[in-house]
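>
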Amino acid sequence: MLGPPGAGKGTQAQLLAEWLRIPHVASGDPFRENLRNETALGLQAKQYTDTGELVPDAVTIAMVAERLSRRDCGNGVLLDGFPRTIRQAEALDEMLAERGRAINLVPYIRVRDETLLERLAGRWTCRECEAAYHGVFKPPQRGGICDECGGEIYQRPDDTPETQKHRIEVYFEQTSPLIAYYRNRSLLAEIDGEQTIEVVQQDLRAAIEAVRQSREKGQTV
Ligand code: AMP
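So that you can map any letter, position 121 of the sequence shown is 157 in the working numbering, and since no number is skipped, the others follow by simple counting.
(1) Can you tell which of I145, R137, R135 has its C-alpha closest to the C-alpha of L224?
(2) Could you pull out every residue in the same chain whose Cβ sits closer than 7 Å to the Cβ of V100, ignoring the five residues on either side in sequence?
(3) Quick one: grab the DSSP three-state call for I244.
(4) On the premise that G88 lies in contact with R203, defined as a C-beta separation below 8 Å, what is that separation, rounded to the nearest angstrom?
(5) Beta carbon of S63: closer than 7 Å to some heavy atom of the ligand AMP?
(6) What residues match up with P143 in a beta bridge as DSSP calls it?
(7) May I ask you to report which of helix, strand or coil DSSP gives E188?
(8) CA-CA distance, Q210 and P175?
(9) Here's the rule: buried if 16 or more other CB atoms are within 10 angstroms of the residue's CB, otherwise exposed. What is F208?
(10) For the alpha helix (DSSP H) holding T151, just list the boundary residues, first then last.
(11) Expressed to the nearest angstrom, what Euclidean distance is found between the alpha-carbon atoms of L141 and Q200?
(12) In this structure, does DSSP put C109 in helix, strand or coil?
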């Protein structure tokens, strides 16, 4: 799942993974989990996550490789927030090739810059399950409590206006080249992220169905 910070990747990926019945692997989650547990990796990553910089490729790639080797990934995964650099994309290709797997589709959620800042400014996250909320667009049903798991909802420390702006800059410099990388391989599905959560989700599912149908046709021909 590709798109700038604030495009709605987390919200959409969670819904899509439930529909596809595959794990939602968000690369930011293990960093936050390690930080909560005060592990060496967590402390190493903190200097980057706190300022909106990318964690070095080698650390991130090793972490994702470990996650993909777990049993629950056997039927596929929905990756959210990884890859974020060309180097990571190449490493992902290698990891998948080793397992006889490949990328089926790269949904790219496209959103205007002004919308990103508006969305990030109101963003809240569940401390327990990382579900995403928004003060205006997606408030929880009970104030401060996660609808999914009852956990406490908080504002991430990297959701301050300065870090948000920096994360968007980092995205344009280091991650946006992936749009061309996947477009050139005919894997990109562009989705208009300015629509409501429900309509974006419908468009994502339609893009996946289209891939499924073209594969089935390919198999019968
Ligand atoms: P996210 O929850 O996806 O917004 O990620 C939060 C932070 O974790 C980012 O600002 C980065 O510091 C770090 N991070 C997450 N995914 C990656 C990645 N693929 N490569 C490098 N750093 C990452």
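C-beta: ideal position from N, C-alpha, C; glycine also. These figures come from a predicted structure and were not determined experimentally.
So, from the listed chains and residues:
(1) Cα-wise, what sits closest to L224 is I145.
(2) Closer than 7 Å at Cβ, skipping near neighbours: S63, F118.
(3) Three-state result, I244: helix.
(4) That belief holds up - the Cβ atoms of R203 and G88 are roughly 4 Å apart, short of 8 Å.
(5) At least one heavy atom of the ligand AMP is nearer than 7 Å to the Cβ of S63, so yes.
(6) Residue pairing by DSSP places P143 opposite A225 in a beta bridge.
(7) The three-state secondary structure of E188, taken from DSSP, is strand.
(8) So the alpha carbons of these two residues sit roughly 31 Å apart.
(9) Exposed, because fewer than 16 other Cβ atoms sit within 10 Å of the Cβ of F208.
(10) Its alpha helix (DSSP H) spans residues 149-157.
(11) Whole-angstrom Cα-Cα distance: 27 Å.
(12) If DSSP states are grouped into helix, strand and coil, C109 belongs with the helices.
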